[in-house]
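Since the structure comes first, as structure tokens, the remarks are kept for the end.
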Amino acid sequence: DGKLLRVDVHGEVPPDSRAEMIEAKGVLALVTGGASESQKSKLVPVKKGEKVALTDKLVFKISETGKPEWGDDPLSVTLEINRDIPEVAEVTFYDADGKLIESSAGGSSRMGLFKKVTVQKSFNLKRKVDAFQVEMKLWTDLEEKEMPFKVTVAIGGNR
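Just remember that our numbering sits 14 ahead of the position in the sequence shown, which is counted from 1.
The following block contains the structure:
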């Protein structure tokens with residue numbers, strides 16, 4: 015979405031105290047997208063276990079609902095799916111009358127073991143509702159790119 019790219023590089027061994035430079039090099043695997051379309055679910059009860067279907071291949075389960083652990087928002091909802099979802103660019107919620115429910119991301123997690131993956135995304139809603147529609151902006155032209163990089167930084171060190 016053009017908003018942020020952050021790369022953290024971690025080494026297994028700290029540099030020697032006499033080192034003056036550190037070099038990191040490798041290949042970044044980037045996923046990019048530009049064109050998008052929106053998909054909207056039918057009206058779904060806000061209840062644990064309910065399915066939120068946006069397309070045949072994009073069906074979430076509501077895994078948790080209730081008051082958020084922190085903050086003043088009246089409702090937190092966690093959507094869960096058993097695959098990675100790089101195509102999801104944005105998520106919005108609507109009440110039974112089609113009015114936008116203000117929301118913010120509450121957190122996300124990804125757990126994987128062998129080829130099984132579970133992704134959870136939590137959202138804090140500004141209004142408590144009994145049912146909602148979920149709309150997702152989906153990238154339609156995702157492309158994986160490999161970008162080689164090499165960075166050298168001075169770290170001071172002692173001579």
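C-beta: ideal position from N, C-alpha, C; glycine also.
Continuous beta strand (DSSP E) stretch holding residue i: start and end
{"i": "E158", "result": "157-168"}
{"i": "E94", "result": "89-95"}
{"i": "T132", "result": "130-139"}
Span separating the alpha-carbon of residue i from that of residue j
{"i": "G63", "j": "L89", "result": "16 Å"}
{"i": "R20", "j": "L152", "result": "22 Å"}
{"i": "N11", "j": "G80", "result": "Given that the chain is displayed from residue 15 to residue 173, the structure contains no residue 11 and the question cannot be resolved."}
{"i": "L72", "j": "F163", "result": "34 Å"}
{"i": "K39", "j": "H24", "result": "12 Å"}
{"i": "T69", "j": "G112", "result": "19 Å"}
{"i": "E78", "j": "L93", "result": "8 Å"}
{"i": "V41", "j": "V165", "result": "12 Å"}
{"i": "P82", "j": "E116", "result": "15 Å"}
{"i": "E26", "j": "P100", "result": "29 Å"}
{"i": "E160", "j": "L127", "result": "25 Å"}
Cross-strand partners of residue i (DSSP beta bridge)
{"i": "A67", "result": "V73"}
{"i": "G40", "result": "F163"}
{"i": "I115", "result": "F107"}
{"i": "S31", "result": "DSSP output for S31 lists no bridge partner at all."}
{"i": "L152", "result": "E51, V102"}
{"i": "V58", "result": "F146"}
Contacts around residue i, its chain only, beta-carbon distance under 6 Å, and the 5 residues preceding and following it disregarded
{"i": "V29", "result": "Sequence check: residue 29 is Pro here, not Val. Excluding positions up to five away in sequence, the list reads I36."}
{"i": "G121", "result": "S136"}
{"i": "N96", "result": "T132"}
{"i": "V167", "result": "I36"}
{"i": "T106", "result": "E149"}
{"i": "S118", "result": "N138"}
{"i": "E104", "result": "K151"}
{"i": "E158", "result": "V45"}
For residue j and residue i, believed in contact at Cβ under 8 Å, the rounded distance
{"i": "K65", "j": "Q147", "result": "Not quite, the Cβ-Cβ distance comes to about 13 Å (not below 8 Å), so this is no contact."}
{"i": "V45", "j": "L114", "result": "Not quite, the Cβ-Cβ distance comes to about 28 Å (not below 8 Å), so this is no contact."}
Same chain, Cβ closer than 8 Å to residue i, five either side skipped, listed in chain order
{"i": "V58", "result": "E64, K65, V66, I76, A145, F146, Q147, V148"}
{"i": "D98", "result": "R124, V131, V133"}
{"i": "R141", "result": "P88, L89, D109, I115, E116"}
Residue-level contact to chain C via CB, residue i, 7 Å cutoff
{"i": "P59", "result": "Here chain C cannot be found, since the structure has a single protein chain."}
Cβ neighbours of residue i in the same chain (closer than 7 Å, five flanking residues each side left out)
{"i": "T154", "result": "A49, S50, E51"}
{"i": "V102", "result": "M150, L152"}
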